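Here the structure comes first, spelled out in structure tokens, and everything after it is commentary.
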Amino acid sequence: MPKRNTFFPPAPKPSTTGTLVYMLFGPLVWAVQFTLAYGGHTLVCARGGAPWISDVVVLAATALTAVLLVCFLVWQERCAGAFGQPAPPRRDRPTDGIARILAFLSLVAVFWGGATVGLLDACVLGR
Amino acid sequence: MTDRRPQLPNPEPRPKGEVDELLRVWATPRGYKIVTAVNNTVIGLFYIGAAFLFFLLAGVLALVMRTQLAVPENDFLSQGLYNQIFTVHGTTMMFLFAVPAVEALGVMLLPQMLAARDLPFPRLSAFAIWAYVVGGLVFFSTIFYDLAPQGGWFMYTPLTLKEFSPGDNADFWLLGIGFIEISAIAGAIEIVVGTLRTRPPGMSLTKMPIFAWSMLVFASMIMFAFPAVILGTMLLEIERSFGWPFFTAAKGGDPLLWQHLFWFFGHPEVYIIFLPAAGLVSMIVPAMAQRPLVGYRLIVVALIGTGFFSFGLWVHHMFTTGIPSLSLAFFSAASMAVAVPSGIQVFSWIATIAASRGRFRITTPSLFVLGFLVIFTIGGLTGVMVALVPVDFQVHDTYFVVAHFHYVLVGGMVFPLFATFYYWMPMATRRMLSERAGRWVFWLMFAGFNIAFFPMHFTGLRGMPRRVWTYPEGVGWDMLNLVSTIGAYVFALGVLIFVVDLVRSLRRPPTTVENPWKAGTLEWLPNDVYSTRSIPFVTSREPLWDRPALPREVSEGHHFLPNAPTGERETIVTSAIEARPQYIIRMPGPGWAHLLAAIFTAAFFLLLTVKLVIPALTCGVIAIIACLTWTWSLDPGPSKGEVDIGAGIRLPTYASGPSSHSWWAMIVLIFVTASLYIAYVFSYLYLWVVSPDVWAPHGSPALPAPVWPVGGALLTILGLLAIRAAGNRLPGPGRRSVAQPLLNAIAAFCLAGAVAVEILSHWQSGLRPTDNAYGAMVYMQSALNGQLAFALIVMIGFAIARMVAGKLDRVRRVSFDNAAVLYTYAAAQILFGLVLVHGFPRVAG
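Note that the protein sequences, when read in sequence, are chains A and B. Numbers 5 to 131, taken from the working numbering, label the letters of the first sequence in order. Numbers 1365 to 2209, taken from the working numbering, label the letters of the second sequence in order.
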């Protein structure tokens, strides 16, 4: 009779929530940047604030989230541990790869969205 | 050849009679009782059949519209009827065909791809399907009685407010579609929990088929997108029925709030439709190329990335409404960014085809996939064009946009769906569709589509606006419109040939063809009503290619759970990340309760639409009773002990708490509820930004004294403590408790009291919901909290009844746990709401 260990060798189990957050770290940070930049900028403009305040809000949100993403990409091993991923060689490498590419894609999106700040007047109506 | 039998979970020959037992347990009801069936192989077919019926019906409406537009100054249709037809066409295609068709494929294909006996909540699936069928048919039939709405599928305010759209027409849309969205959410809960918890042992997240990934992303998107439009429909219906001015500018409301709520759902909706279709393509392409998909990880990244980025695009539908330039730039940037993950998928499919080195088979499914690639890519390119703000200003509300979104939606969803019909038909019915007829179908549809829609780019660039029922002669639109109409009929001819072939095929006796495409995924294992004889141990992404003996091993019962040890319907629940076996889920079989619940819930909404309040409430009560009857049997307890599934693994047949599938479903439901509430908070703050002059304390009566919100908060906290204490006082098995139901009752009373105190506090201050947008938003918060409180009172009453009946104790506690976790969320929402409604105006004012 085969044993359970043949199919499921004893090993540290990854955290469920941790794995999902680890994998989705990049897009979640992008969502934070998008919400802060769009919400903050709209609020400042709607309440009659100076346009430069709006620019500062967008730049701050962009810089903060970009730093977070860069840190994640540079110290991914440490981040993985913090999110409950087992140490190599028990780590699921495709999960690492997906998290890394998503973080990189999100970094591009953060810069892409934030780059608009220097190009346009913040509070002038588009039409 | 290596003998791999020792590696099998159940290597010994299986006892006789196991298959007969499986057939008995999973038998499909016969005759009229077929409507009580819950098995995915049956209701999945009903679901896809109903969705396809709506596709045909909405398609007929499209032909009627194209006939009207074939020549200038045509009087084939009246203006009002034309308005109704384009509204019902769009609504039906989006709400009654596209999303349900995709959910249907999920219900039908996921259990087979994951080798689960069924998804974890089969009656919930069946409920969702019947609710959708009844609600959908009634909604569609309004076109025959001059009762259909005329506001377009997006139902913009102020056009759809009572003063501009009198009668019940718009209400049919609001209540009917709102109700169908609830059905879609029920399906999404099933798909999220099913995908994460009923995968076969060994199939970790990163070994999951791409279609399962796409359905997981799809269902997650529904969780966050649909609540926004549900809130929008609630607000609009309440304004129409009771005069709460959410969208009336004269009273501090804003018509643009509707657009924000609608498009926060509406744009992700496009990807909600597209991503599963892309997932289907990612399954078909490797099978036809006979090699694994190139860039599995990149495709997963693309699915997740698209899912997220699609929530940052909604304002690109509102570029012309007067929005600050910088906001336009954010949404323009995000609209272009989403093209990157979509492009990754397209390049991955092309790379897979190229890497097959000529082995890619040109079959009917392949043709539809290739047609999809061409059409969807054109739609994607025009999408990037309209993401550019200046281009959008020019082509907004013209036929260019009609051409763009039909290229995206028909290319991105309908063509993959037809590929699916041809590809998975043998799995679902053991019959093949005709390859010869299939080629006619493809070429007619492909040619017809392009003849119909490509000229519309030029019609739009020449200035023809959307939604006009006719147009003058000689402005350069005549020939283009005639060509489009001819193309529409050619497309329809292709669909007609498909229907004829489908009927002809279904009339033939089934054949025994297994895996005709030689695919590598689990849905092509030998299967019956119980799915596969045993549930395979999975070690790769294409198990059938990597282990050619797998079909034989599975059908001889050498893998996990080769029998029905509890004598009931069951499948293995595995851990969400690594798919390690955790417990056996015992699932309900056929029944009437969920069917009655669906019918009477639909009746409740529809009767409410025509203001038959007493009959509506009666139907609502019957629906609740049916739901309670249905759920009474869903917490069977641990009476069956542990069972052996193979490899020396013994699993419990019951689970409660955070590891149980019902707890997961409740968490998903809480995410949905929280999304609805976040949409409310957005609406509250949005209207404050637009009209701070109507906000308290200057534009409305002064806020209630602090003692009121403090009282409400204390009641909420007291209720929370009571429900916690009730959890700690659950008696041991076989025993009863008096204190526990009493604490439950106190918790329910406190919750109801907290909501009542909040309403009373504003009422005594002189504020009325019809005064202005501020008053409406304040009372709307209590309406949302009241809904939650009502649901919890029913759930707590249910838990008390189970305690009295001896069906609730320290071990058998799922019904209580579900109520407790929802209660915790409700308390958090109420407390946050008190801070928002009583604190924010004091700070901002």
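No residue lacks a Cβ here, since even glycine has one placed at the ideal position from N, Cα and C. Given the structure is predicted, the values throughout are model-derived calculations rather than measurements.
Contact between B:F1810 and B:L1844 fails: their C-beta atoms lie close to 20 Å from each other, not under 8 Å. The count of Cβ pairs closer than 8 Å, one atom from the segment 2171-2185 of chain B and one from the segment 2016-2028 of chain B, reaches three, so the stretches are in contact. In the displayed model, B:F1924 falls within a strand according to three-state DSSP. Within chain A, no residue has its CB atom less than 9 Å from the CB of B:A1534, the nearest being about 28 Å off. Taken through DSSP and simplified to helix, strand or coil, B:Q1946 comes out as strand. Using a Cβ-Cβ cut-off of 8 Å, A:P92 is close to nothing in chain B; its nearest Cβ partner there is about 15 Å away.
Check the Cα spacing between B:M1567 and each of B:A1940, B:L2131, B:F2046: the tightest is with B:A1940. Residues of chain A with a Cβ closer than 7 Å to the Cβ of B:R1944 are, in chain order, F12. With three or more CB-CB distances shorter than 8 Å, the segment 1456-1469 of chain B counts as touching the segment 1414-1423 of chain B. If you draw a straight line from the Cα of B:V1424 to the Cα of B:G1722, it is about 40 Å long. Within chain B, S1691, F1694 have C-beta atoms less than 7 Å from the C-beta of A:Y42, given in sequence order. Sequence-distant Cβ neighbours of B:T1455 in its own chain, meaning closer than 6 Å and more than five residues away, are W1517.
Boundaries of the alpha helix (DSSP H) around B:L1662: 1660-1673.
By the Cβ-count criterion, A:Q89 is buried, with 16 or more other Cβ atoms from all chains shown falling within 10 Å of its own Cβ. Here A:D125 carries a coil assignment [DSSP, helix/strand/coil].
CA-CA distance, B:C2114 to A:G22, rounds to 35 Å. Annotation: the continuous beta strand (DSSP E) that includes B:D2008 extends over 2006-2010. In this structure, the CA atom of A:L72 is about 16 Å from the CA atom of A:T39. Taking 8 Å as the upper bound on Cβ-Cβ separation, chain A lies near residues A1698, M1700, A1701, V1704, P1705 of the segment 1698-1717 of chain B. Counting along the chain, no beta strand (DSSP E) covers B:V1498; the unbroken alpha helix (DSSP H) around it starts and ends at 1486-1505. Not a single CB atom of chain A sits nearer than 8 Å to the CB of B:T1896. Straight through space, the alpha carbons of B:W1807 and B:L1857 are spaced by roughly 10 Å.
Each of B:F1611, B:L1595, B:G1616, B:V1702 was checked against the Cα of B:F1638, and the nearest Cα belongs to B:V1702. Runs of beta strand (DSSP E) with 3 or more residues, each lying fully within the segment 1783-1829 of chain B, are absent. Contacts between A:I57 and chain B, judged by CB atoms closer than 9 Å, are missing: the closest CB pair is about 12 Å apart. At least one CB atom of chain A sits nearer than 8 Å to the CB of B:T1570. Close to A:G101, with beta-carbon spacing below 8 Å, are these residues of chain B in chain order: R1661. When Cβ-Cβ separations below 8 Å define contact, A:C83 makes no contact with chain B.
B:S1898 has no beta-bridge partner at all, per DSSP. Counting along the chain, B:P1650 sits inside the alpha helix (DSSP H) bounded by residues 1619-1653. By the Cβ rule, the segment 1476-1490 of chain B does not count as touching the segment 1501-1510 of chain B, because fewer than three pairs are nearer than 8 Å. In the DSSP assignment, the residues bridged to B:L2015 are B:V2007. Cβ contact annotation for B:A1967 (same chain, cutoff 7 Å, sequence separation greater than five): C1983, in chain order.
Contact of B:G1566 with chain A by beta-carbon distance below 9 Å involves F11, F12.
Straight-line spacing of the CA atoms in B:V1664 and B:I1648 works out to 16 Å.
Taking 8 Å as the cut-off, the Cβ atoms of B:A1698 and A:G30 do not count as close.
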